[in-house]
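**Q** Okay, handing you the structure first.
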Amino acid sequence: MKKDLLSVAELELADFDKIFKKARQLKKALKEGRVHASLKGKTLGMIFDKSSTRTRISFEVGMYQLGGIALFLNSRDTQIGRGEIIADSARMMSRYLNGIMIRTYAQASVEEFARYAEIPVINGLTDLLHPCQILSDLFTITEKKGSYKGLKIAYIGDGNNVANTWIEAAARLPLGLALACPEGYDPDCDIMDRSIKEAAEGIALYRDPFEAAENADVLYTDVWASMGQEAEHEERKKVFKKYQINENILKRAKKDAIVMHCLPAHRGEEITADVIEGPHSVVIDEAENRLHVQKAILEILL
Ligand code: CP
Ligand code: NVA
């Protein structure tokens with residue numbers, strides 16, 4: 000693997016399997032109560048420009064379980080929030096820390112940070128991508144379905160950071176991806192164009208969510224308004240109305256389909272309460288796996 004984890008597009012097929020294998024070992028060790036302090040004495044800095052529950056807790060607990068510590072750095076309370084430039088922040092922090100996780104707006108900021116940092120930089124979500132999420136989701140799919148190979152993933156909803164990352168994953172892995180997004184809310188077109196050329200099993204974009212869901216092994220959705228789009232929420236609720244994972248959509252998927260959501264979820268918007276609480280939903284296992292997969296990433300990179 001490279002020094003940093005900025006996107007899944009930069010991973011080789013073998014990197015995915017290496018992460019999943021390690022995550023499986025770390026999960027088993029934790030469940031059996033075995034201490035695995037491979038990062039003893041190491042420190043992860045976690046820079047947050049946006050809110051987080053899962054990412055913050057799983058990285059922080061993950062570092063603790065691996066014998067290291069994590070520092071929560073709300074950028075508002077640091078000099079970054081007062082305009083200290085990335086080049087200085089990244090080079091200086093590299094002298095204190097062993098790795099940095101960043102959640103921010105622009106993908107370019109994470110990339111610039113990685114360019115200047117002497118230590119690994121992990122993308123904890125940008126407006127464009129959410130690589131740690133989709134790596135955990137693929138691991139969850141492997142647990143539930145035995146493998147991600149040959150499966151059909153249907154993503155219904157906004158063409159956001161989570162959708163873009165699924166597209167990048169479909170370009171690297173032997174799985175089929177069908178997306179359904181309303182017009183004007185498509186995924187990033189550069190990522191789409193590039194990935195369609197590279198994908199082994201195909202990436203298709205539909206306007207009709209029922210078509211995308213047809214015969215799917217996995218139904219996936221995410222919020223209609225992401226962090227930073229709060230002002231558009233009411234308008235988006237109207238536009239996205241039919242892009243909801245509900246009982247009718249579920250009927251179009253395979254009988255044993257699993258339903259996934261990166262969370263936080265808005266019941267009654269992108270997913271109904273019945274479905275998220277129903278027997279097909281794996282959202283809590285999915286959230287748990289953020290911990291195991293990120294521990295694997297930390298162990299590999301740090
Ligand atoms: N799924 C996810 O990244 O959750 P948080 O925003 O709570 O970190
Ligand atoms: N698309 C969502 C994901 C949250 C984990 C957002 O960016 O807010």
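Mapping of the sequence shown onto numbering that gives the first Met the number 0: residues 0 to 301, in sequence order. Every residue, glycine too, gets a C-beta built ideally from N, C-alpha and C.
Decide if the stretch 204 to 213 is in contact with the stretch 225 to 235; the criterion is three or more beta carbon pairs, one per stretch, under 8 angstroms apart.
**A** Counting Cβ pairs under 8 angstroms, fewer than three are found: no touch.
**Q** If we count the other Cβ atoms within 10 Å of its Cβ and call it buried at 16 or more, is Glu285 buried or exposed?
**A** Burial call: buried.
**Q** Is it the case that the Cβ atoms of Ala89 and Phe71 are separated by a distance below 7 angstroms?
**A** Cβ atoms of Ala89 and Phe71: not closer than 7 angstroms.
**Q** Could you give the distance in angstroms between the alpha-carbon of Glu298 and the alpha-carbon of Leu150?
**A** About 29 angstroms.
**Q** Using alpha carbons as the reference points, say which of Met91, Phe19, Arg55 lies closest to Phe138.
**A** Out of Met91, Phe19, Arg55, Phe19 has the C-alpha closest to the C-alpha of Phe138.
**Q** Can you give me the Cβ contacts of Ser37 inside the same chain, cut-off strictly under 6 angstroms, excluding the 5 residues immediately before and after it?
**A** These residues qualify, in order along the chain: Leu65, Glu298.
**Q** Any heavy atom of the ligand CP closer than 6 angstroms to the beta-carbon of Ser74?
**A** Ser74 Cβ: outside cutoff for every heavy atom of the ligand CP.
**Q** Under 6 angstroms from any heavy atom of the ligand CP, does the C-beta of Thr54 make it?
**A** Because some heavy atom of the ligand CP lies under 6 angstroms away, the Cβ of Thr54 counts as near it: yes.
**Q** Give the single residue among Leu249, Asp87, Phe47 whose Cα lies nearest to the Cα of Arg114.
**A** It is Asp87.
**Q** Quick check on the DSSP output: what are the complete alpha helix (DSSP H) runs of length 4 or more inside the stretch 152 to 185, in order along the chain?
**A** Segments of the alpha helix (DSSP H) lying fully in the stretch 152 to 185: 160 to 171.
**Q** Between Arg55 and Met62, which are expected to be in contact by the criterion C-beta below 8 angstroms, what is the C-beta distance as a whole number of angstroms?
**A** Contact doesn't hold; Cβ gap of about 11 angstroms is too wide.
**Q** Taking 6 angstroms as the cut-off, does the CB of Met226 come closer than this to any heavy atom belonging to the ligand NVA?
**A** Yes; taking the cut-off as 6 angstroms, the Cβ of Met226 has a heavy atom of the ligand NVA nearer than that.
**Q** CA-CA distance, Ile325 and Cys261?
**A** What is shown of the chain runs 0 to 301, which leaves residue 325 out entirely.
**Q** Taking Arg94 as the reference, give the member of Cys131, Val109, Leu43 with the closest Cα.
**A** Nearest option by C-alpha distance: Leu43.
**Q** Quick one, are the C-beta atoms of Asp281 and Ile257 less than 7 angstroms apart?
**A** Looking at the sequence provided, one finds Val at residue 281 rather than Asp. In this structure, Ile257 lies closer than 7 angstroms to Val281 by Cβ.
**Q** Taking just the CA atoms, how far does Leu25 sit from Leu300?
**A** Roughly 15 angstroms between the two C-alpha positions.
**Q** How would you write the range of the alpha helix (DSSP H) that Arg53 sits in, first residue to last?
**A** Counting along the chain, the alpha helix (DSSP H) containing Arg53 begins and ends at 53 to 64.
**Q** Can you tell me the Cβ-Cβ gap for Val120 and Asp48, rounded? I've got them flagged as a contact below 8 angstroms.
**A** Not confirmed; about 14 angstroms, so no contact.
**Q** Touch check for the stretch 154 to 162 and the stretch 242 to 251: three-plus C-beta pairs under 8 angstroms?
**A** Output reads yes: the stretch 242 to 251 touches the stretch 154 to 162.
**Q** Between Val7 and Leu134, which are expected to be in contact by the criterion C-beta below 8 angstroms, what is the C-beta distance as a whole number of angstroms?
**A** With 8 angstroms as the limit, Val7 and Leu134 qualify as a contact, their Cβ atoms being about 7 angstroms apart.
**Q** Within its chain, find whatever has a CB closer than 6 angstroms to the CB of Arg53; leave out the 5 residues flanking it on each side and keep chain order.
**A** Cβ within range, chain order: Ala286, Arg289.
**Q** Determine the closest residue to Asn97 out of Lys41, Glu142, Gly80, with distance taken between C-alpha atoms.
**A** Of Lys41, Glu142, Gly80, the residue nearest in Cα terms is Lys41.
**Q** Taking DSSP as the reference, what is the three-state secondary structure of Asn247?
**A** Here Asn247 sits in helix by DSSP.
**Q** Check whether the Cβ of Asp221 sits closer than 6 angstroms to any heavy atom of the ligand NVA, and report yes or no.
**A** It does: the Cβ of Asp221 is within 6 angstroms (strictly closer) of some heavy atom of the ligand NVA.
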